[in-house]
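Take 111 as the starting number for the sequence shown in the working numbering and just add one per residue.
Every residue, glycine too, gets a C-beta built ideally from N, C-alpha and C.
Taking it in order: structure first as structure tokens, then the write-up.
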Amino acid sequence: MLLTLSIGFGCASQDAENPAGDQEQGTPEQGSADAWTAPEGIEGDIILATTTSTEDSGLLDVLIPAFEEKANITVDVVAVGTGQAIQLGKDGNADVILVHARASEDQFVSEGFGSNAWDVMYNQYLIVGPADDPAGINGMTDAAKALQT
């Protein structure tokens, strides 16, 4: 699962020819929360449309309070499926989407609904077992075959 943050300006008034506006934001530095600053002109409340799995993970319970304190912006979370979150952004009912469907996210930005898409996190899977390797999978490079063994 790859979660991507797409910044849209859906709740603000938009030009029909350029739905996301001409705002350019820099890419946040990896691992540096201090490098982030709120875009000029954004204050008050924002709506974050995200997936139920992200909300259920507890991640937002950690990230949002720190963001709200640093940015002086209140985040209202709407947790739905990925497709619904993207549609909320397209309809102008969300300011930010945090979802995991890369092709749909890229399309969202390319169609002008979002100004940026940043990779926020991703999953890596690791198959572990006893050191004596009773399944005989040590060194295999095909995870599906290793799991079928």
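Check whether residue i and residue j have beta carbons under 8 Å apart
i: A227; j: V219; result: yes
i: V185; j: I174; result: yes
i: T164; j: V190; result: no
i: K255; j: F223; result: no
i: V187; j: L169; result: no
i: T259; j: G249; result: no
i: L158; j: L208; result: yes
i: A253; j: Y232; result: no
DSSP bridge partner residues for residue i (one or two, in chain order)
i: I156; result: V185
i: T161; result: V190
Buried versus exposed call for residue i [16 or more other C-beta atoms within 10 Å across all chains shown]
i: D155; result: exposed
i: E215; result: buried
i: A160; result: Before going on, a small fix: residue 160 reads as Thr here, not Ala. Its Cβ being crowded by 16 or more others within 10 Å, T160 is buried.
i: E139; result: Confidence at E139 is low in this model, with a pLDDT of 49, below 50, so its placement is unreliable and the value that follows should be read with caution. So E139 ends up on the exposed side.
i: V206; result: buried
i: L198; result: buried
Coarse secondary structure for residue i, derived from DSSP in three states
i: D171; result: helix
i: G239; result: coil
i: E96; result: Since the first and last residues shown for the chain are 111 and 259, residue 96 lies out of range.
i: G199; result: helix
i: I247; result: coil
i: D166; result: helix
i: L257; result: helix
i: E77; result: Here the chain has residues from 111 to 259 only, and residue 77 is not among them.
i: D252; result: coil
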